[in-house]
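In terms of the working numbering, the sequence shown opens at residue 23 and continues consecutively. Even glycine gets a Cβ: it sits at the ideal position worked out from N, Cα and C.
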Amino acid sequence: MQAIARRHELHPNQVSTWKRQLLEGLPEVFAGGAGRKLAKEHEAKVRELHAKIGELTVERDFFRRGLKR
């Protein structure tokens, strides 16, 4: 791991973290349909959170304009 980190100018802890994440995620990669289902759920959650961020931004801007008056 030290050699990989040195070769790619990374901190060894980053390489260790990526390795751990890889090993934890491998079953999902080879699970076939289950992995795709998780990916779709993740995408749906991201869309939901982006919508909420947009909603909160509009509310914040509305109240900010109201306070200036």
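For the alpha helix (DSSP H) holding residue i, just list the boundary residues, first then last.
| i | result |
| --- | --- |
| Ala-27 | 24-29 |
| Leu-48 | 34-51 |
If I measure Cβ to Cβ from residue i and keep anything under 8 Å in the same chain, skipping five residues before and after, which residues do I get?
| i | result |
| --- | --- |
| Ile-26 | Leu-32 and Val-37 |
| Met-23 | Pro-34, Val-37, Ser-38 and Lys-41 |
Near residue i, which residues of its chain fall below 6 Å by C-beta distance, leaving aside the five closest residues on each side in sequence?
| i | result |
| --- | --- |
| Lys-74 | none |
| His-30 | none |
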